[in-house]
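Step one of this worksheet: look at the structure below.
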Amino acid sequence: MLRIAITAWIAGGSAFLFLPKLPNHGLEVSIIFGIFLLIIGYYLRDRNRTISLLVLIAAMAALGWGYHFHYAKGRLASSLPISLEDQELTIRGYVDQLPSGDHQHQRFAFEVVDWNDVQSESLPIKIYLSWSGAWQKNRLIPELAPGEEWHFVVKLKRPHTLMNDHGFDFERWMFHQGFGAHGSVRSGKRIQESKWISLKTAIEYQRWRLRNKIKAALDPSAPYVGVLIALVIGDQNAIAQSDWRVFNATGVGHLISISGLHVTMLSGLGAMLGAWIWRRREWPLVIPVQKVAAGTGLLTAFLYAWLAGFQIPAQRTLYMVGIVAFALWTSRIPRAFDIWWIALLLVLVIDPMAPYTPGFWLSFGAVAIILFGMGSSSSLISIPNGSEWERSRLERFKQALLESCRLQWIVTIALIPCTLYWFYQVSVVSPLANTLAIPVISFIVTPLAIVGAILPEWFAPIPLQLAHGAMEWTAKYLNWLTKFDWAVHWSHQPTLWAMALSTVGIYWHIRPGPMTTHLVNRIVGLALCIPLFWQTTNAIHEGQFRAYVFDIGQGTAVLVETKSHRLLYDAGPLSGKNDNAGERVLLPYFRGEGIDRLDRLVISHKDLDHIAGASTLMKSLQIESFLGTMPEHHPLMNDVKQSFMPALPCQFGQEWQWDGVDFKVWHPSAEVSFKADTHRGKPNENSCVLEIRNKNTSFWLTGDIEKRGEHEHTRRLEEMGYQKPNKVVVMAPHHGSKTSSSQIWLDAIQPTVAFSQHGYRNRYGHPHSVVKERYRDNQIPFLETAHTGAQHWHATADEVTVEFLRPKQKRLWHHE
């Protein structure tokens, strides 16, 4: 009954979070209706158990709906008004959480207490700010600490995500964290040092102190300082992306955080210490040792979970430890799965958005798999020679080793659907990696790091250096494993039907008992997981093509696909020192779609908003050829040479055909080559203009050409006697800048529809209002990715259609 009720509550809440917008009414009705049904179900419990159960399910679903309604309404109540976007505002408040970054750039949560006479009905209390030295004329910015009070001049925006398939949903993350706006700091003045504002900020301040202590105790060049910080306080921001790639490829990413195993280990140590102290006196005569041990274990788990940022695995373990402690104090014996279900409910009550994070599924999934797979311990391994206590140490060690191997196997197999769904990969070397990493990181690195963090500063370096040394040797082993070509199997994001089928298969495969029991069922169960790797896509026929226009921000990236070929035009912008569109948008899309090869990479010109993701893609995908307007001394050309791919400069007259679809370069002139002296002074005028055409549709990719380039393009069209097809789709040159989209060029191209790739409220003002008006005057629809999200164009022999991702995937946390 308990499990059914919790499941119904989760179902009702999950259904609410799929709504495209927050309802105007219904919160009170859903709660009152749920309570009314609970009363009816209680009244019917002895009369008709079936009806009573159905009423209970409906009641809990209604209450789950109402609870999530209340949660969402509270989160959306205080959001930044549109009128205040991109305005310089003066605010006062305090740093709310542990900041991330360095003296060049910091990101932090800020709680506003004074908006300096800004009048509005709804102003956000909690905002997310970034402070860069660029706004201070490259001067170093001060280090921020939780609890400090500051006076800032800021520019803010409402949350707006780049809406792409398989992409990171920034608006969902902001909603989850409770931020009503984000923006940048123009100037700041510290009003007061860190002070006690709340228990939360006090804990965050202690985390900040521990982080600085770990950094100070180790050499600044030590490569795994960030890992030690993550293991002690749960802050993963200092871990390099290259290290994350190794950890994920070897399947040990779950250890490089505050995992449930770490909390359980410390809770056990706390329980042992409490029991040892309690036994020193006659106190067990008053309160049994077991109850005291349960209390000290729970207290230790609570302190560590909060110190570690209260992440979902830590929450789950804390609640399970708490339930066990409560059961001991009340002399109850709860069933293991009941503990799991109650912990699940508590996590979702405190954090309804938890299911949108991979840690939720990996943490609860792994524990459920272990609980189910263990079953009756007596039937797992059959060992002769008498009772447990009569066995030799060797036999007991053998049993423990075999059982550990079996659990590692079933957890690895059972989590494949989850890792494929979230990360599009399966680590083949995961069992080998975890065999060493679990004991070393959990029982050597983590305890030493924690001891070093809590010891006085003059003792701290010794255990921290030992922990770092152990982590460094472990990382060498993990790096060695990644050298094998077969270490990681990449795949697409599996379909829901394949996930459901594999769940049934995993249930059959990991059922309790020796592996030889139900052998046929176990083999069939594995076979049911095979559809996870089947890729089913809508076929592109001869003479057709698809174009995926990425919602890339202030930059350009378009994927063109024919029946058996793929071309990527540009690779998007740079978003930060270590963040580019290749890592953030393009590679997740390619991984999620199961794309590991491009036939051609076209780079229109050398501006950073068109090339930033190219190097990342060259390292991650197989790219057969390169075409671009790039000077030979540019760093990107070094990457091209190191990739050993054929490279050609983009020149007028180049053309080829793939699967009945024609590709033709119209700009720049044939004189432009990789030599810098053939390039014009302004890179925009060297942009590669590419036409993709079938019998019905012409699709123009124009880069950043401006009026001079447009006039040359127009002249070539006239000289060639260009005949346009029925439909013409054109990329608005230079993101819709007023320097482009001249009337003479529009008259020559005669677009049916135009699209523009640009950032939401970007600092350049793209697309310019004059340009948008010009397209409207010519009765040409103008589609902006900042409003539509990614655009999926499909050109057949008879028509061209487009699908917009933002309205398709809109949820209540996405603004209009």
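For the sequence shown, my numbering gives the first residue as 67, with consecutive numbering after it. Glycine included, every Cβ here is placed at the ideal spot set by N, Cα and C.
Option nearest residue i by Cα separation, candidates the options
| i | options | result |
| --- | --- | --- |
| A680 | G660, L640, E698, P697 | L640 |
| L164 | A288, A296, S149 | A296 |
| F656 | T227, M684, L674 | M684 |
| G660 | R666, L652, L667 | L652 |
| H232 | L206, C471, H558 | H558 |
| A268 | A315, Q302, L373, H777 | L373 |
| G609 | G726, S735, V220 | G726 |
| V624 | L210, T768, G107, Q170 | T768 |
| A211 | L228, G107, R277 | R277 |
| F430 | V415, W407, G439 | W407 |
| S149 | R173, W546, E187, M537 | E187 |
| F692 | E151, T682, V706 | V706 |
| K139 | E690, P289, H242 | H242 |
| T628 | G648, F616, A605, A647 | A605 |
Paired residues, beta bridge with residue i - DSSP
| i | result |
| --- | --- |
| H779 | Paired residues: none, contrary to the question. |
| E839 | Beta-bridge pairing links E839 to no other residue. |
| E757 | K730, W766 |
| W546 | Bridge partners of W546: none, in fact. |
| R612 | E627, H860 |
| E850 | S822 |
| P715 | G694 |
| H745 | Beta-bridge pairing links H745 to no other residue. |
| A175 | Y194 |
| W722 | F729 |
N-terminal and C-terminal residue of the alpha helix (DSSP H) that residue i is part of
| i | result |
| --- | --- |
| S557 | Note, S557: premise wrong, no alpha helix (DSSP H); not H, not E. |
| W859 | Here W859 belongs to no alpha helix (DSSP H); instead the beta strand (DSSP E) covers 857–861. |
| W395 | 378–395 |
| F438 | 424–440 |
| E772 | No alpha helix (DSSP H) holds E772; DSSP gives it neither H nor E. |
CA-to-CA distance, residue j to residue i, given in whole angstroms
| i | j | result |
| --- | --- | --- |
| S806 | P749 | 14 Å |
| L68 | I399 | 16 Å |
| T512 | G300 | 12 Å |
| H881 | P225 | 8 Å |
| A304 | R782 | 53 Å |
| L514 | W539 | 15 Å |
| L871 | Y137 | 26 Å |
| K549 | A541 | 13 Å |
| W75 | F99 | 14 Å |
| G775 | Y194 | 41 Å |
| S264 | I436 | 38 Å |
| A593 | W131 | 38 Å |
| P697 | K773 | 22 Å |
| I815 | H607 | 27 Å |
| L206 | G199 | 6 Å |
| G571 | P497 | 20 Å |
| L83 | H134 | 7 Å |
| R256 | W216 | 5 Å |
| G319 | E865 | 47 Å |
| I510 | I618 | 43 Å |
| M35 | Y370 | The structure shown has nothing for residue 35, since the chain only spans 67 to 882. |
| E348 | I157 | 59 Å |
| A863 | N762 | 5 Å |
| Q789 | A736 | 22 Å |
| W722 | R666 | 12 Å |
| D183 | S144 | 17 Å |
| Y109 | L122 | 11 Å |
| P421 | M386 | 18 Å |
| A742 | G658 | 38 Å |
| W395 | K357 | 6 Å |
Short CB-CB distance (under 9 Å) between residue i and chain C
| i | result |
| --- | --- |
| L164 | Included in the structure is just one protein chain, with no chain C present. |
Boundaries (first-last residue) of the beta strand (DSSP E) holding residue i
| i | result |
| --- | --- |
| K192 | 192–198 |
| M229 | Unbroken run through M229: none, as it is neither H nor E. |
| K223 | 215–223 |
| V495 | V495 -> no beta strand (DSSP E), and no H or E assigned at all. |
| K793 | 793–797 |
| F84 | Here F84 belongs to no beta strand (DSSP E), and DSSP marks it neither H nor E. |
Subject >> Ranges of the alpha helix (DSSP H) found wholly within the segment 243–328, counting only runs of at least 4 >> reply: Listed in chain order, they are 265–283, 291–299, 307–315.
Subject >> beta strand (DSSP E) runs wholly inside the segment 633–696, at least 3 long, in chain order >> reply: 640–642, 666–669, 692–694
**OP:** Pick out the complete alpha helix (DSSP H) segments inside the segment 90–168, 4 residues or longer, and give them in chain order.
**Re:** 93–109, 115–143
Original post:
Going along the chain, which unbroken runs of the alpha helix (DSSP H) with 4 or more residues stay wholly within the segment 495–537?
Top reply: 496–506, 512–520
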